[in-house]
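Enquirer:
2 protein chains.
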Amino acid sequence: MTAVQQPASLRERKKLRTRQALAETAVPLFTERGFDETPLDALLDAVEVSRRTFFRNFRSKEDVAFTAVEQLWSTCLLVLDDAELSGRAADVFRDAMLTTLDRMGEDWYAHFSATLRLVEQSPSLHGHSLRHCAAMRVEVSRRLGVADSTEGRLLVEFCVAAWRCALDEWLPGGEPGELPGCVRRVFDAMPRCLDAEVRPEAP
Amino acid sequence: MTAVQQPASLRERKKLRTRQALAETAVPLFTERGFDETPLDALLDAVEVSRRTFFRNFRSKEDVAFTAVEQLWSTCLLVLDDAELSGRAADVFRDAMLTTLDRMGEDWYAHFSATLRLVEQSPSLHGHSLRHCAAMRVEVSRRLGVADSTEGRLLVEFCVAAWRCALDEWLPGGEPGELPGCVRRVFDAMPRCLDAEVRPEAP
DNA sequence: CAGGCAAACGCCACAGTGTGGCATTTTCGA
DNA sequence: TCGAAAATGCCACACTGTGGCGTTTGCCTG
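Quick note, the sequences are listed as chains P and F, same order.
When you line the first sequence up against UniProt numbering, it's residues 1 to 203, in that order.
When you line the second sequence up against UniProt numbering, it's residues 1 to 203, in that order.
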């Protein structure tokens, strides 16, 4: 896994264990019963945790379903911090994301794709996902140092949009090894898309 | 205003009047006291409407603050329906949006900019805004007939992102006459943004 | 114009999420 | 071994959104 193994204190390990139990239980549970149809109490009963402790670990019901997504992005931001920044910003972002994907383990891919399928089904989760993307745009802009120009802000919006498109293309299959290819394909399509022409519909 | 004047029946006029009263009261009220800090009951007391009727008119508390935004997009979709679709999809979208803006009245601009300022302050409203944009992407994709290719989906994402950037540039001033200029500027910047280079930060 | 009909309304009660207070248990460090 | 800090569980509360149901209001026909 990507999480840095910090045995740390017994207390922190225990807290992290309940966090993990909540996240790993939540995704299958929500998938089976539906996100909006599943009361939070169902998860709490399953993991045997009180509401109070849950909300100390996660900000919201949506949050607990997003562990895999947040793991990805926190890793990606670390990669960006360590990367040497030079060249086209779009390439830098794409390569950072590819590096990030390379660091993820097999189990993460399973958890991640399950999360994406879940997000597609629930409007509230979809909204949460979009908000998360917006937050990531801010962080990425800062790290790429392109936040102060129109072109820069447009580019970051564009890159995150491309990332989402790559996920859309990947999801039906969902094979871990295929995601990097989807990312490359979509990023290659970016320059072409501006010349896309409308197709007079004929339904 | 953009709303088609349909006197219709007395009943419908009455219903529409309460809808309008709610929307026009909501934005200043939320602006003054903060969106999350203002209970819905405060608005209901101000307009003297029961909760039941409120939720028959609006789907959520966020929804009532979005009237101006929805007016814009419903008009824009109508413009797209009537427009002859040919040429580059990005240009078609930009021109449709410019036409739409031209149809809006002075009072709408005031309501709209107030709404945008409100959205910037509240996380939940911001999330609602992003979800609304996603819904509009679907509608625009359908109308432009570009939903079936990677380039097409990328383009629509890109266009809506450009629209949001234009709003960001316009908002500080907020003069009605300046928004079309912002839109043109940002759309002109789209091809350039792909070549944007990272700037080695030096904090 | 009278009276039935349907739509809109208001009131009530409920489920669900998220927050704060407070006592209790568990863990860390001295 | 003991005190401090942190995590937990329990309780109560505010707020949003929904459904039931009786009542009012406007519409439309005889």
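Each residue gets a CB set at the ideal place from its N, CA and C atoms; glycine is no exception.
#1: Among F:Phe-35, F:Ala-162, F:Ala-134, whose alpha-carbon lies nearest the alpha-carbon of Pro-123 of chain F?
#2: Is Ala-196 of chain F near Val-146 of chain F, with beta carbons less than 7 angstroms apart?
#3: For Cys-165 of chain P, return the contacting residues in chain F, with the cut-off set at a CB-CB distance below 9 angstroms.
#4: Who are the Cβ neighbours of Arg-143 of chain F in its own chain at under 6 angstroms, not counting the five residues just before and after it?
#5: Please name the residue in P:Leu-155, P:Val-92, P:Phe-30, P:Asp-82 whose C-alpha comes closest to that of Asp-63 of chain P.
#6: Decide if the region 51–70 of chain P is in contact with the region 145–164 of chain F; the criterion is three or more beta carbon pairs, one per stretch, under 8 angstroms apart.
#7: For Phe-112 of chain F, tell me which candidate among F:Glu-84, F:Thr-150, F:Ala-65, F:Cys-76 has the shortest Cα-Cα distance.
#8: Pull up the DSSP beta-bridge partners for Arg-88 of chain F, would you.
#9: Drop a sphere of 10 angstroms on the beta-carbon of Glu-151 of chain P, count the other beta-carbons inside from all chains shown, and report buried for 16 or more, exposed for fewer.
#10: Are three or more beta carbon pairs between the region 10–19 of chain F and the region 171–189 of chain F nearer than 8 angstroms?
#11: Using the C-alpha atoms, what's the distance from Leu-155 of chain P back to Cys-193 of chain F?
#12: Looking only at its own chain, which residues have a Cβ that is under 6 angstroms from the Cβ of Ala-166 of chain F, when we skip the five neighbours before and after it?
#13: Under the assumption that Leu-116 of chain P contacts Leu-77 of chain P (Cβ atoms under 8 angstroms), give the Cβ distance between them as a whole number of angstroms.
#14: Taking the alpha-carbon positions, what's the Trp-108 of chain P to Val-138 of chain P distance?
#15: Please return the same chain residues whose Cβ sits closer than 6 angstroms to the Cβ of Ser-129 of chain F, not counting the five positions on each side in sequence.
#16: Measuring CA to CA, which of F:Leu-98, F:Ala-134, F:Ser-149, F:Lys-14 is closest to Glu-178 of chain F?
#17: Please determine, among P:Val-92, P:Ala-96, P:Ser-86, the residue with the shortest C-alpha to C-alpha distance to residue 234 of chain P.
#18: Closer than 7 angstroms, CB to CB, is Glu-70 of chain P near chain F or not?
#19: Which residues in chain P have a C-beta closer than 7 angstroms to the C-beta of Pro-191 of chain F? List them in chain order.
#20: Just confirm the distance between the C-beta atoms of Leu-43 of chain F and Thr-25 of chain F, as a whole number of angstroms; I'd bet it's less than 8 angstroms.
#21: Inspect the beta-carbon positions of residue 204 of chain P and Thr-100 of chain P and report whether they are closer than 7 angstroms.
#22: Compute the Euclidean distance between the alpha carbons of Leu-10 of chain F and Ala-134 of chain P, then round it to the nearest angstrom.
#23: Return yes when the Cβ of Val-27 of chain F is within less than 7 angstroms of the Cβ of Ala-114 of chain F, no when it is not.
#24: How many Å lie between Ser-141 of chain P and Val-92 of chain P at the Cα?
#25: Give me the chain F residues within the contact set of Leu-144 of chain P, using Cβ-Cβ distance strictly less than 8 angstroms, ordered along the chain.
#26: Report yes or no: is there a C-beta of chain F within less than 7 angstroms of the C-beta of Ala-89 of chain P?
#27: On a Cα-Cα basis, can you pick out the residue from P:Ala-83, P:Glu-84, P:Arg-94, P:Gln-121 that is closest to Asp-188 of chain P?
#28: So, at 7 angstroms on beta carbons, what are the nonlocal neighbours of Val-49 of chain F in its own chain, with the 5 sequence-adjacent residues on each side left out?
#29: Report the residue from P:Arg-103, P:Glu-84, P:Arg-52 whose alpha carbon sits nearest the alpha carbon of Gln-71 of chain P.
#30: Check the C-beta distance from Pro-191 of chain P over to Glu-106 of chain P and give it rounded, since I have them as a contact under 8 angstroms.
#31: Report yes or no: is there a C-beta of chain P within less than 7 angstroms of the C-beta of Arg-131 of chain F?
#32: Check whether the Cβ atoms of Gly-127 of chain F and Arg-131 of chain P lie closer than 7 angstroms to each other.
#33: Following the continuous alpha helix (DSSP H) through Glu-120 of chain F, name the residue where it begins and the one where it ends.
#34: Hey, could you find the ends of the alpha helix (DSSP H) Ala-23 of chain F is sitting in?
#35: Could you tell me the alpha carbon to alpha carbon distance between Ser-149 of chain P and Arg-164 of chain F, rounded to whole angstroms?
Expert: According to the data block:
#1: F:Phe-35
#2: Between Ala-196 of chain F and Val-146 of chain F, the gap from beta carbon to beta carbon reaches 7 angstroms or more.
#3: Near Cys-165 of chain P (Cβ distances below 9 angstroms), the residues of chain F are Thr-150, Arg-153, Leu-154, Glu-157.
#4: Around Arg-143 of chain F, the same chain offers Leu-80 as residues with beta carbons nearer than 6 angstroms, after the five sequence neighbours per side are excluded.
#5: P:Phe-30
#6: no
#7: Relative to Phe-112 of chain F, the option among F:Glu-84, F:Thr-150, F:Ala-65, F:Cys-76 whose CA is nearest is F:Ala-65.
#8: P:Glu-197
#9: buried
#10: Cβ pair count under 8 angstroms is below three, so no.
#11: 5 angstroms
#12: Cys-182, Val-183, Val-186
#13: No, Leu-116 of chain P and Leu-77 of chain P are not in contact; Cβ-Cβ is about 20 angstroms, not under 8 angstroms.
#14: 25 angstroms
#15: The beta carbon of Ser-129 of chain F sits closer than 6 angstroms to those of Val-119, all from its chain and outside the five residues before and after it, given in chain order.
#16: Considering only alpha carbons, the answer is F:Leu-98.
#17: The structure shown does not extend to residue 234 of chain P, since chain P is modelled only from 1 to 203, so the question has no answer here.
#18: no
#19: Leu-194
#20: Indeed, because the Cβ distance is near 6 angstroms, the residues count as touching under 8 angstroms.
#21: Because chain P spans 1 through 203 in this model, residue 204 of chain P falls outside it and cannot be assessed.
#22: 44 angstroms
#23: yes
#24: 12 angstroms
#25: Val-198, Arg-199
#26: yes
#27: P:Arg-94
#28: Thr-18, Leu-22
#29: P:Arg-103
#30: Contact annotation, Pro-191 of chain P with Glu-106 of chain P: C-beta distance approximately 33 angstroms; criterion of less than 8 angstroms not satisfied.
#31: yes
#32: yes
#33: 106–121
#34: 10–33
#35: 14 angstroms
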